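Protein sequences, first through last, are from chains A and B.
Reminder that position 296 of the first sequence reads as 327 in our numbering, one-by-one numbering, no gaps.
Reminder that position 319 of the second sequence reads as 350 in our numbering, one-by-one numbering, no gaps.
Even glycine gets a Cβ: it sits at the ideal position worked out from N, Cα and C.
Just so we're clear, the structure is a prediction, and the values are computed from it rather than from any experiment.
There are 2 protein chains.
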Amino acid sequence: MPRSVAYHRAAVVELLTARLVGRTQPSDSAAVQNQGSDHVPLLEALGRALAVDLHAPRSLPPFDNSQMDGFAVRTSDLADGGAVLKVAAPIPAGAAPEALRPGFAVPIMTGAMIPEGADAVVPIEKAVPDTFPAPGADAEVRLPATAPGTFVRNVGSDIAEGQLALAAGTQLGPAQLGLLAAFGLTTVEVRRPVRVLLVTTGDEVVEPGQSLTAGKIFDSNGTLLEASMRQAGLEVVRTGISDDHPESLLAVLRGHAAQVDLMVTTGGVSKGAYEVVRQALAAEDVDFVPVAMQPGGPQGIGRFQGVPFLGFPGNPVSCLVSFEMFLRPALSQVLGTPAPRPVQQARLAAGLTSPDGKHQVRRGRLSNGVFRMEGGAGSHLVHALARSNALVQIPANVTELPEGAEVEVWVL
Amino acid sequence: MPRSVAYHRAAVVELLTARLVGRTQPSDSAAVQNQGSDHVPLLEALGRALAVDLHAPRSLPPFDNSQMDGFAVRTSDLADGGAVLKVAAPIPAGAAPEALRPGFAVPIMTGAMIPEGADAVVPIEKAVPDTFPAPGADAEVRLPATAPGTFVRNVGSDIAEGQLALAAGTQLGPAQLGLLAAFGLTTVEVRRPVRVLLVTTGDEVVEPGQSLTAGKIFDSNGTLLEASMRQAGLEVVRTGISDDHPESLLAVLRGHAAQVDLMVTTGGVSKGAYEVVRQALAAEDVDFVPVAMQPGGPQGIGRFQGVPFLGFPGNPVSCLVSFEMFLRPALSQVLGTPAPRPVQQARLAAGLTSPDGKHQVRRGRLSNGVFRMEGGAGSHLVHALARSNALVQIPANVTELPEGAEVEVWVL
């Protein structure tokens, strides 16, 4: 009996967890992963995962500063319903200001340091006159009564020195890298990427750029999966195409087992007469299982010389669906990166039928909440796939859906 | 009177269109952009935009092939309610098969070429016996009547040679690159990235890694925006921090005008007393305009020596919001890349208030359809921003929303 999509995904999660996450710690996977780390400049860390908890090396803001363009004041000077104050020399940006003398107001710009003695900022719009006097002039300004703390951004109000700023495993995007820069950091410790060996198999498969004889096709799986894996943050090791001799494939796997965290093959896992991956791994700790899914039903899963192994089917659409349904979500769950695909509810532009007992994944275009299928169910339709931007998920127990039915869509 | 978010975005679109899209063609912007192109290996094109319309250099599938493991047959042999046929030697994967003789059925695996004379495939499950005979044995098989074309994937049924495969401007992801590989291509012509000069300004701003004296802060805008721009496919030219002397900034802009497609500055655009960008560009074709948005209200827009110019405000949250609200969507609209941010409807975890007449963009975490704000409205809160994964859009005419209100969220 075929296993469910959820069951197989859980098996992939378990396989990766055992390899990538230390076993000596409790289940907080993000904190205990096992891959090692690299120190890299901030911008090289874009999209990668923080290796360790990062605590704020300084407070942000680093000092009390003004939220407005206006006058820094002692509010006690204005307690009696406001007052006319003498205007001190303005505070230059980026300088440590002099202490504010009683009876004075000092022009201050947004972000500038609040001087000692001042405890609030009155915005220029509330001053009379509501413009700054020319520098050097002997000016006065009328300001209203103001509560202490008004328009002051206090030191540490965003984050205080020593607090947890970003947890280990956080994916570093523009905002996270901006925070590290605000702390004054120039490098960051990120996890080493998971290294995957990717092998496409088949006597009928030819490298793009070579000549194509009758009966042969170009390898699209290798490019499609390497691109998917790179997008997901993996480091991909390619070996070219392995032919249909089990010994050829075994030699490739043996030659790389010590250097990779994961092995993925394409093709050779179904029930035909010439299934090279099944034959090569018959004596290994690898199961070949039917998953109740279309496309991508036949799957290999296990370990080769201790290294996690996944055998995807040989059609390009099956490869992409296998990656998106199993490997990518398992990486998200175990490592926190890549981010899961956005999931949306949408309406079908046209009705569909689906085989009973199989979770069907159709490809198509999501636009304005409507999902329009591209191409038929055939797993060889790589041009239809290339026109698609989303996958629709049809549960195993659904056999027919009308036009307009609400469906779950994963955005690629 | 402040301009609306939509008005300002349209102005940015117009500014970029004039630079990046040729004016001699009709409005199909994707087909006529103006940046030049590079030929790169397929995997280096990941995330980049196709420079030209790409027509299929060959048909896919490249030949009629089997959709199932089974027997290739002449359906006329089975017309009389099925028949017992002699089993021919199996078709090896990747080979040109011999023609099928009348009265014979030939074992064929999924993807293998249909032999001349055959016009359908009977799946192995429908054969009696339902297993393939050992090679070399003199075997027979009973097969049912079958309609012509059954389980045959016809040459060109995915795409025929010469048809438009991918339109100019298409963003190349795993599926699109997989299609190019299936065509046998090894390189692809992609648009040269848009080159942007990014200058952060301010006497108070110090490069990360240097020492910080009182009143100064580290530059986070540069890192935050460079990361955002790289993510969006731009090539970023950085020049370090420009101080508050207008001549310093002008020298930087003049020095790069001939090499870039766009200039972006941060800081110095509001109404304070020391606004270096405003002062430097007072005599140029640049407007400093209030946009009815919070944060990110003050914006500069125009041209410097003919090059499109955008002046973002100086706080990091304002920079990110300016990029996401104006520059990124304008690039998506004009060039087709990057893909627009996914938009979702969500419910507010807590009520909020918003200033009348200003479109407010708050930061927070979207999870399971619920949006929870991180930090207050202050545009200096870069740690709160780093905890966020989404922006909520509060229209200008909304002043208050209760807990549970439905809102539009952009997923970062």
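Residue i classed as buried or exposed, judged by whether at least 16 other C-beta atoms fall within 10 angstroms
{"i": "P57 of chain B", "result": "Below a pLDDT of 50, predicted positions are generally treated as unreliable, and P57 of chain B, at 41, falls in that range; no measurement from the model is reported."}
{"i": "E278 of chain A", "result": "exposed"}
{"i": "N399 of chain A", "result": "exposed"}
{"i": "S97 of chain B", "result": "buried"}
{"i": "L195 of chain A", "result": "exposed"}
{"i": "G112 of chain A", "result": "exposed"}
{"i": "G337 of chain A", "result": "exposed"}
{"i": "S107 of chain A", "result": "exposed"}
{"i": "P369 of chain B", "result": "buried"}
{"i": "V440 of chain A", "result": "buried"}
{"i": "R160 of chain A", "result": "It is Pro, not Arg, that sits at residue 160 of chain A in the sequence shown. Exposed, by the Cβ-count rule."}
Presumed contact (8 angstroms Cβ cut-off) between residue i and residue j, rounded CB distance
{"i": "R79 of chain A", "j": "V221 of chain A", "result": "4 angstroms"}
{"i": "V344 of chain B", "j": "S353 of chain B", "result": "The question names Val, yet the displayed sequence has Pro at residue 344 of chain B. Indeed, because the Cβ distance is near 7 angstroms, the residues count as touching under 8 angstroms."}
{"i": "A158 of chain A", "j": "L174 of chain A", "result": "6 angstroms"}
{"i": "L284 of chain B", "j": "F335 of chain B", "result": "5 angstroms"}
{"i": "V137 of chain B", "j": "V172 of chain B", "result": "The pair is not a contact, with the Cβ atoms about 10 angstroms apart (cut-off 8 angstroms)."}
{"i": "M144 of chain A", "j": "D95 of chain A", "result": "7 angstroms"}
{"i": "I332 of chain B", "j": "A42 of chain B", "result": "6 angstroms"}
{"i": "P146 of chain A", "j": "A130 of chain A", "result": "6 angstroms"}
{"i": "A415 of chain A", "j": "D189 of chain B", "result": "6 angstroms"}
Residue i vs residue j beta-carbon contact at 8 angstroms
{"i": "Q262 of chain B", "j": "P205 of chain A", "result": "yes"}
{"i": "A427 of chain A", "j": "G382 of chain A", "result": "no"}
{"i": "P329 of chain A", "j": "P339 of chain A", "result": "no"}
{"i": "V104 of chain B", "j": "T162 of chain B", "result": "no"}
{"i": "G180 of chain B", "j": "A151 of chain B", "result": "yes"}
{"i": "H217 of chain B", "j": "L77 of chain B", "result": "Sequence inspection shows Thr at residue 217 of chain B; the His mentioned does not correspond to that position. Against a cut-off of 8 angstroms, the Cβ pair of L77 of chain B and T217 of chain B comes out as no contact."}
{"i": "P154 of chain A", "j": "F135 of chain A", "result": "no"}
{"i": "L341 of chain A", "j": "V392 of chain A", "result": "no"}
{"i": "E437 of chain B", "j": "R378 of chain B", "result": "yes"}
{"i": "L210 of chain A", "j": "A417 of chain B", "result": "yes"}
{"i": "P123 of chain A", "j": "V186 of chain A", "result": "no"}
{"i": "V44 of chain B", "j": "M324 of chain B", "result": "no"}
{"i": "L47 of chain B", "j": "V365 of chain B", "result": "yes"}
{"i": "Q375 of chain A", "j": "Q375 of chain B", "result": "yes"}
{"i": "P166 of chain A", "j": "P224 of chain A", "result": "no"}
{"i": "G303 of chain A", "j": "D100 of chain B", "result": "yes"}
Own chain partners of residue i with C-beta closer than 7 angstroms, once the 5 adjacent residues on each side are dropped
{"i": "P360 of chain A", "result": "R40, P371"}
{"i": "V267 of chain A", "result": "V227, L229, E257, M260, R261"}
{"i": "F249 of chain A", "result": "V237, P239, L243"}
{"i": "H70 of chain B", "result": "T218, E220"}
{"i": "R85 of chain B", "result": "Inspection of the sequence shows that residue 85 of chain B is occupied by Leu rather than by Arg. Result list for L85 of chain B: A196, L197, in chain order."}
{"i": "S68 of chain B", "result": "A82, E220, V221, R222, R223"}
For residue i, the nearest candidate out of the options (CA to CA)
{"i": "G193 of chain A", "options": "A:T106, A:T244, A:S279, A:S90", "result": "A:S90"}
{"i": "A82 of chain B", "options": "B:E45, B:S35, B:G180, B:Q202", "result": "B:Q202"}
{"i": "G253 of chain A", "options": "A:V183, A:P239, A:L280, A:A245", "result": "A:P239"}
{"i": "T297 of chain B", "options": "B:S385, B:S363, B:A314, B:L351", "result": "B:L351"}
{"i": "A245 of chain A", "options": "B:H390, B:A126, B:F402", "result": "B:A126"}
{"i": "L312 of chain A", "options": "A:A408, A:L280, A:Q290, A:M324", "result": "A:L280"}
{"i": "P433 of chain B", "options": "B:L412, B:H390, B:D316, B:R403", "result": "B:R403"}
{"i": "V413 of chain A", "options": "B:L208, B:V36, B:D100, B:M99", "result": "B:L208"}
{"i": "A149 of chain B", "options": "B:E315, B:Q66, B:T270, B:F102", "result": "B:F102"}
{"i": "P33 of chain A", "options": "A:G215, A:D100, A:F319", "result": "A:F319"}
{"i": "Q24 of chain A", "options": "A:S363, A:R394, A:Q66, A:G271", "result": "No statement about residue 24 of chain A is possible, as the shown extent of chain A runs from 32 to 443 and does not include it."}
{"i": "G142 of chain B", "options": "A:K247, A:A49, A:S273, A:Q66", "result": "A:K247"}
Sequence-distant residues of the same chain with beta carbon closer than 8 angstroms to residue i, five excluded per side
{"i": "L443 of chain B", "result": "E355, R372, S419, N420, A421, L422"}
{"i": "D275 of chain A", "result": "T232, G233, D234, G299, Y305, V307"}
{"i": "V291 of chain B", "result": "R226, V227, L228, V268, V338"}
{"i": "Q310 of chain B", "result": "P277, G299"}
Contacts around residue i, its chain only, beta-carbon distance under 6 angstroms, and the 5 residues preceding and following it disregarded
{"i": "A61 of chain B", "result": "Residue confidence for A61 of chain B is low, a pLDDT of 43 falling below 50, so the modelled location carries little weight; the figure read from the coordinates is stated next. Here the set comprises A199, G200, G367."}
{"i": "V115 of chain A", "result": "E171, R173"}
{"i": "P326 of chain A", "result": "V348, S349, V352, S410"}
{"i": "V429 of chain B", "result": "S385"}
{"i": "G435 of chain B", "result": "R378"}
{"i": "S301 of chain B", "result": "P329"}
{"i": "E315 of chain A", "result": "F335"}
Residues that residue i contacts on chain C, provided the C-beta gap is smaller than 8 angstroms
{"i": "S259 of chain B", "result": "Included in the structure are the protein chains A and B, with no chain C among them."}
Closer than 7 angstroms: residue i CB and nearest the ligand ATP heavy atom
{"i": "W441 of chain B", "result": "Judged by which ligands are present, the structure shown has none, so any question about the ligand ATP falls away."}
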